[in-house]
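Trainee: The sequence shown begins at 3 in our numbering and counts up by one.
My structure is below; once you've seen it, I'll send some questions.
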Amino acid sequence: MNKNFIRFSAFIALATTCGYAQVNDSIKIKQLDEVVFSDTKFSQSKEKSGKVITKITADELQKKSGQSLASILNSVTGVEINGAQSANGKNLGYYIRGGKNQQVLIVIDGSPVTDASGISHEYDLRLLPVDQIESIEIMKGAASTLYGSGAATAVINITLKKSNKKPIETAIYYSIGSNNTANNHKYNGQDFNQGFSVNGTIHKVNYLASLNSTETNGMSQIADSNSDSNYDKDRFSRINYLSKIGIKASDKLTLNFFGNYDKVTNDYDFQFDNTGLNDTNLNKSKTEQFRFGFSPKYSYANGEFNLNSSFSKIQRNYQEWNAWTNVLDFSQYASRSVSVDAFNKYKFSPEFVMVTGVSYQFFDMNSVTPYEFIDRKMTHFTIVDAYFSSVFNTKSGVNINMGGRYNSHSEYGNNVILNFNPSYNFKTKFPLKVLSSLSTAYVAPSLYQLYSQYGSINLKPEDNLTFESGFELTLFKNKLTLNAIGFYREQNNSIGFDATYHYANIEGLYNAKGVETMVLCALTSKVSCNVNYTFTQVDEALNRLIPKHKINASIDYSASKRLFINVNYQYVDARNDAFYDGNTYEIVAIKLGSYQLLNALVKYELIQNRLSVFGNVTNILNSDFIENIGYSTRGRNFKIGMNLKF
């Protein structure tokens, strides 16, 4: 019998079991009562939103203690983070709705973040520790109307931790774990994470200061056939400083300031075909990020005015052994970006709200490598956009979110983006929301694609069109929530290489389509489950490292007020991959097999709301699998840790 059919049948069976779990009427899942803001830039109930938005709250992040940000995101419906199961230094690939990194926009505290020196202007999520994050919202689909370039397949909206209302609160955390492949069984301390924070509110001033440190060793980034080899164990190190200050200047005006410094250093291996190991003293990289910003908010009778401004500088340094010249090569990439987003929310009536805004972005970069020099004096561009979004909610259940954006780019000119997102809430015994949206999005060419020796200043932005439709249903007095979304996305004007090996807009239309569905239910007063399934089908040109089928299933058991247990399962379908063969100088296509992971977590509060300890085990069955051709993956690993607040 077909294995995919068996797995899908198991998914339906579990969902059905959840549906019949009506034991205790006091059990509630407040899914539709959640407050979200990603689709409007202001807080509103999830019931009124025309999107299915996944929100990972602070409580849920606590229940995922010991996991990386990539692993947490990898369990979300419709999200595939390639590299989440590899060594910490492995670069990450974001695959959502058939798109790649450049089509996923990362937003931190309201400001878009990017590395302008990268080929695709993508942001490296390895820079962020989970311990400094308050909550995450994932909104899938085209969202350039509100967020501009890059929001073609998803927006990952990250909110960093906020101040407590107490005058002072201190938090300390520490964890230690193993870092093995499936063929290595040395369960000694190889993965360390520790940090502390101080925060509070004194009169009209709130503050937060946080420090995090992560150190891992014991694994090579690339697959090592000799599991007992001590020759190449790639080290990963991360330091994060975060500070925030908020001032309530008056009942109407609040002023917020932030600053952070992040540094990641790691060892890595041969850059092309990954067929040989290198001494860890040779290939090294260091990434440093400096960010600071100012975000005032002014409230008045029928609305509020917000200004999100930030400055970012990212510098990447590489020391790399050149196998052809037998010397060390040194490369440096540096970028600066400025983002200013001023927007006003005005409430014309209880049913009608409009957001209007203007955003400004500036990017520049320079790089020095053995092969080329790029000067920031010549390598920069600006984007100035005007946008609006109108939100219409009625008591009858009709909700309409529509908007537009006029994009003005200093190089390629002008671009218009539109969004239409109607939804309807049926006021029935079983609350049902049906929704649909038709949205366009754009991805601006990067500085490297415009100005490098392979670049072309004639590039136009990549265009995306997304249509989605679905529903969200709540049953049995909020004990069961079911949602499903079908999507279709078209990608046009993609940026690739022409016959002269220069970047060019590629003729042809590519598409991706699929279904994303999730079941969230309470089985008993102590047991709840979450199951999601994603089906993605893409054109051959887009089909790399994207699983056609993916299942995540999680069971939470609150044995008591202090004891929490979680068991989760993940199935990732076979994927296409490719590698560069250094012997034949050709790109070789390969099929990667499917894999399954089983993980578990136990958490106990020794002192309620003060001191908790946890232990987790990942890849319990010690599956030996391939996430990306040539790279190693984690086998069975253990981690223990503690969190203390006082």
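Idealized CB from N, CA, C, for every residue including glycine.
Small disclaimer: the values here were computed from a predicted structure and weren't measured.
Please list the segments of the alpha helix (DSSP H) lying wholly inside the region 41-81, counting only runs of 4 or more residues, in order along the chain.
Mentor: 60-64 and 71-75
Trainee: Suppose contacts are defined by Cβ-Cβ distances below 8 Å. Is Thr218 in contact with Asn181 by that definition?
Mentor: For the purposes of this step, residue 218 is taken as the residue at position 216 of the sequence shown. For the purposes of this step, residue 181 is taken as the residue at position 179 of the sequence shown. Yes, these two residues count as a Cβ contact at 8 Å.
Trainee: Distance check for Leu452 and Ile497, CA to CA, integer angstroms please.
Mentor: One-based indexing of the sequence shown puts residue 497 at position 495. One-based indexing of the sequence shown puts residue 452 at position 450. If you draw a straight line from the Cα of Ile497 to the Cα of Leu452, it is about 11 Å long.
Trainee: I'd like the span of the beta strand (DSSP E) that includes Leu162, first residue to last.
Mentor: Within the sequence shown, the letter at position 160 stands for residue 162. Here the beta strand (DSSP E) through Leu162 covers Ala156 to Leu162.
Trainee: Mind checking Ala145: buried by the 16 CB within 10 Å criterion, or exposed?
Mentor: Along the sequence shown, read from residue 1 onward, the residue named residue 145 stands at position 143. Buried.
Trainee: Across which residues does DSSP place Lys246 in a beta bridge pair?
Mentor: Position 244 of the sequence shown, counted from the start, is the residue given in the question as residue 246. Answer is Leu210 and Phe260.
Trainee: From Phe354 to Tyr582, what does the alpha carbon distance come to, in whole angstroms?
Mentor: Taking the first residue of the sequence shown as position 1, residue 354 is located at position 352. Taking the first residue of the sequence shown as position 1, residue 582 is located at position 580. Straight across, the Cα-Cα distance linking Phe354 with Tyr582 is about 55 Å.
Trainee: Compute the Euclidean distance between the alpha carbons of Ile652 and Lys481, then round it to the nearest angstrom.
Mentor: Since the first and last residues shown for the chain are 3 and 648, residue 652 lies out of range.
Trainee: Under a Cβ-count criterion, where at least 16 other Cβ atoms within 10 Å of its own Cβ denotes burial, should Gly405 be classed as buried or exposed?
Mentor: Taking the first residue of the sequence shown as 1, we reach residue 405 at position 403. By the neighbour-count rule (16 or more Cβ atoms within 10 Å), Gly405 is buried.
Trainee: Could you tell me how far apart the beta carbons of Lys315 and Glu306 are, in whole angstroms, since I believe they sit closer than 8 Å?
Mentor: Translated into positions along the sequence shown, residue 315 becomes position 313. Translated into positions along the sequence shown, residue 306 becomes position 304. Between the beta-carbon of Lys315 and that of Glu306 there is about 30 Å, and that puts the pair past the 8 Å contact cut.
Trainee: Assuming Ala211 and Val445 are in contact, meaning their beta carbons sit under 8 Å apart, how far apart are those beta carbons, in whole angstroms?
Mentor: For this step, residue 211 is matched to residue 209 along the sequence shown. For this step, residue 445 is matched to residue 443 along the sequence shown. 36 Å between Cβ atoms; not a contact.
Trainee: When we look at the beta-carbon of Ile605 and count the other beta-carbons within 10 Å, is it buried (16 or more) or exposed?
Mentor: Mapped onto the sequence shown, residue 605 falls at position 603. According to the sequence as given, residue 605 is Lys; it is not Ile. Per the 10 Å Cβ criterion, buried.
Trainee: Using only the alpha-carbon positions, how far apart do Leu34 and Lys48 sit?
Mentor: Taking the sequence shown and counting its residues from 1, the one referred to as residue 34 is at position 32. Taking the sequence shown and counting its residues from 1, the one referred to as residue 48 is at position 46. For Leu34, the predicted structure reports a pLDDT of 45, less than 50, and the residue's modelled location is therefore unreliable. A value from the coordinates is still provided. The straight-line gap from Cα to Cα measures roughly 5 Å.
Trainee: Tyr300 by DSSP, collapsed to three states: which one?
Mentor: Working through the sequence shown from its first residue, we reach residue 300 at position 298. Strand at Tyr300.
Trainee: Rounded to a whole number of angstroms, what is the C-alpha to C-alpha distance between Val54 and Ala325?
Mentor: Position 52 of the sequence shown, counting from 1, holds the residue named residue 54. Position 323 of the sequence shown, counting from 1, holds the residue named residue 325. Going from the Cα of Val54 to the Cα of Ala325 covers about 50 Å.
Trainee: I need the boundaries of the beta strand (DSSP E) containing Thr483, first residue and last residue.
Mentor: Numbered from its first residue, the sequence shown carries residue 483 at position 481. From DSSP, the beta strand (DSSP E) with Thr483 extends over Leu482 to Asn494.
Trainee: From the DSSP secondary-structure annotation, give me the bridge partner or partners of Pro114.
Mentor: For the purposes of this step, residue 114 is taken as the residue at position 112 of the sequence shown. According to DSSP, which records beta bridges pairwise, Pro114 is partnered with Val109.
Trainee: Thinking Ser239 and Asn268 are a contact (beta carbons under 8 Å), I'd like their distance in whole angstroms, please.
Mentor: By one-based count along the sequence shown, residue 239 stands at place 237. By one-based count along the sequence shown, residue 268 stands at place 266. Confirmed, Cβ separation roughly 7 Å.
Trainee: In three-state terms, what does DSSP make of Tyr587?
Mentor: For this step, residue 587 is matched to residue 585 along the sequence shown. If DSSP states are grouped into helix, strand and coil, Tyr587 belongs with coil.
Trainee: For Gly261, collect the residues of the same chain with a Cβ closer than 6 Å to its Cβ; drop the 5 residues on either side in sequence, then sort them by chain order.
Mentor: One-based indexing of the sequence shown puts residue 261 at position 259. Correct list, in chain order: Ser245 and Phe294.
Trainee: Compute the distance between the beta-carbons of Gly399 and Gln223, then report whether it is under 8 Å.
Mentor: Within the sequence shown, the letter at position 397 stands for residue 399. Within the sequence shown, the letter at position 221 stands for residue 223. Not a contact, by the Cβ cut-off of 8 Å.
Trainee: Output the distance between the C-alpha atoms of Gln141 and Asn466, rounded to the nearest integer angstrom.
Mentor: Position 139 of the sequence shown, counted from the start, is the residue given in the question as residue 141. Position 464 of the sequence shown, counted from the start, is the residue given in the question as residue 466. According to the sequence displayed, residue 141 carries Met and not Gln. Their Cα atoms are separated by approximately 16 Å.
Trainee: Is it the case that the Cβ atoms of Val521 and Val533 are separated by a distance below 8 Å?
Mentor: Taking the first residue of the sequence shown as 1, we reach residue 521 at position 519. Taking the first residue of the sequence shown as 1, we reach residue 533 at position 531. Yes, these two residues count as a Cβ contact at 8 Å.
Trainee: Report buried or exposed for Tyr125, applying the criterion of at least 16 other Cβ atoms within 10 angstroms of its Cβ.
Mentor: Residue numbering aside, residue 125 sits at position 123 when the sequence shown is read from its first letter. So Tyr125 ends up on the buried side.
Trainee: If you run the structure through DSSP and keep just helix, strand and coil, what is Asp133?
Mentor: Mapped onto the sequence shown, residue 133 falls at position 131. Correct three-state label for Asp133: helix.
Trainee: Here's a check: name, in chain order, each residue in its chain whose Cβ is nearer than 6 Å to the Cβ of Lys641, leaving out the five neighbours to either side.
Mentor: Translated into the one-based positions of the sequence shown, residue 641 becomes position 639. Within the same chain, Lys641 has close Cβ partners Gly68, Ser177, Gly179 and Asn618.
Trainee: To the nearest angstrom, report how far apart Ile249 and Tyr389 are at their CA atoms.
Mentor: For the purposes of this step, residue 249 is identified with residue 247 of the sequence shown, where counting begins at 1. For the purposes of this step, residue 389 is identified with residue 387 of the sequence shown, where counting begins at 1. When rounded, the distance between both Cα atoms is 29 Å.
Trainee: Can you grab the Cα-Cα spacing for the pair Leu257 / Tyr209, in whole Å?
Mentor: If you number the sequence shown from 1, residue 257 lands on position 255. If you number the sequence shown from 1, residue 209 lands on position 207. Between Leu257 and Tyr209, the C-alpha separation is close to 12 Å.
Trainee: Is any beta-carbon of chain C found at less than 8 Å from that of Thr203?
Mentor: The question asks about chain C, but that chain is absent: this structure has only one protein chain.
Trainee: On the criterion of 16 or more Cβ atoms from any shown chain inside 10 Å, does Val207 qualify as buried, or is it exposed?
Mentor: Counting from 1 along the sequence shown, the entry for residue 207 is found at position 205. That one is exposed.
Trainee: Throw me the rounded Cβ distance for the Pro549 and Val574 pair, which I believe falls under 8 Å.
Mentor: Residue numbering aside, residue 549 sits at position 547 when the sequence shown is read from its first letter. Residue numbering aside, residue 574 sits at position 572 when the sequence shown is read from its first letter. Yes, Pro549 and Val574 are in contact; Cβ-Cβ is about 5 Å, under 8 Å.
Trainee: Look at the Cβ atom of Ile459, then the Cβ atom of Gly472, and state whether they are nearer than 8 Å.
Mentor: Translated into the one-based positions of the sequence shown, residue 459 becomes position 457. Translated into the one-based positions of the sequence shown, residue 472 becomes position 470. The answer is no: Cβ separation not under 8 Å.
Trainee: Determine the DSSP secondary structure at Asn409, reduced to helix, strand or coil.
Mentor: For this step, residue 409 is matched to residue 407 along the sequence shown. Strand.
Trainee: How would you label Phe489, buried or exposed, when you count the other beta carbons within 10 angstroms and need 16 or more for buried?
Mentor: Locating residue 489 in the sequence shown gives position 487, counting from the first residue. With 16 or more Cβ atoms within 10 Å of its Cβ, Phe489 is classed as buried.
Trainee: Quick check on Gln572: does DSSP put it in helix, strand or coil?
Mentor: Walking along the sequence shown from the start, residue 572 turns up at place 570. Of the three classes helix, strand and coil, the one that applies to Gln572 here is strand, per DSSP.
Trainee: Under the assumption that Leu129 contacts Val266 (Cβ atoms under 8 Å), give the Cβ distance between them as a whole number of angstroms.
Mentor: Here residue 129 corresponds to residue number 127 of the sequence shown, with the count starting at 1. Here residue 266 corresponds to residue number 264 of the sequence shown, with the count starting at 1. That belief holds up - the Cβ atoms of Leu129 and Val266 are roughly 6 Å apart, short of 8 Å.
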